[in-house]
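Let me begin by presenting the structure, written as C-alpha cells, before commenting on it.
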Amino acid sequence: ERLVYELVTTGELLVDLGSDQTSCHNPFSGGYYPVQLGFEEAKQLLSTNPGKFRTLVQESLKRHVAAINRLADKGMFFWDYGNAFLLEAQRAGADVEKRGANKTEFRYPSYVQHIMG
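Note that full-length UniProt numbering has the sequence shown beginning at 1, numbered continuously upward.
Have a look at this one:
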C-alpha cells in the first residue's frame, strides 16, 4: 500500500519486480500476519481467537492483492513464488484470476511453473 501511495502521489513506480515471500502455505498458523495488527498483537490474537485471526489474514490478503494489482497495472512484473500466496488470496476473495480463463488460472505467473519451467 505504501508503494501505491507513492505511485498515486508522485506518479513514480518505485519497483519493477515483485513477489510475495511469506509462508502462505500455512497462512492461518503464523505463516502470514495481517497488516492490520502489529506482530505481538497478531501473535496474541492467533492464540486467543484463531477465527478472528483468519478473518484478518483474509482481509489483509485482499488488500495485499489490490496493491499488487495497482502496481502491476502500471508496469510492475509480479510472480508467485510457489508459496500458495495466489491460492490463499483467491480463497479470500481477492482478484487474482486470469481474465477470460478458468478459475484455476491466475493472472500472475508462477516462478516454478512458468519461469523456471
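For each residue, glycine too, the CB sits at the ideal point set by N, CA and C. Quick caveat: nothing in here was measured; it's all calculated off a predicted structure.
| field | Residues near Leu37 by beta carbon distance below 6 Å, same chain, minus five either side | value | none
| field | Beta carbon of Phe53 nearer than 8 Å to that of Leu46 | value | yes
| query | Could you give the distance in angstroms between the alpha-carbon of Glu88 and the alpha-carbon of Gly18? | reply | 17 Å
| task | Could you check what DSSP says for Ser29 in three-state terms: helix, strand or coil? | result | helix
| said: Out of Lys103, Glu1, Met116, which one is the CA nearest neighbour of Leu86? | reply: Lys103
| For Ala84 and chain D, any beta-carbon pair shorter than 8 Å? | The structure shown contains no chain D; it is built from a single protein chain.
| task | Specify whether the region 55-69 and the region 18-34 touch according to this definition: at least 3 beta carbon pairs, one from each stretch, less than 8 Å apart. | result | yes
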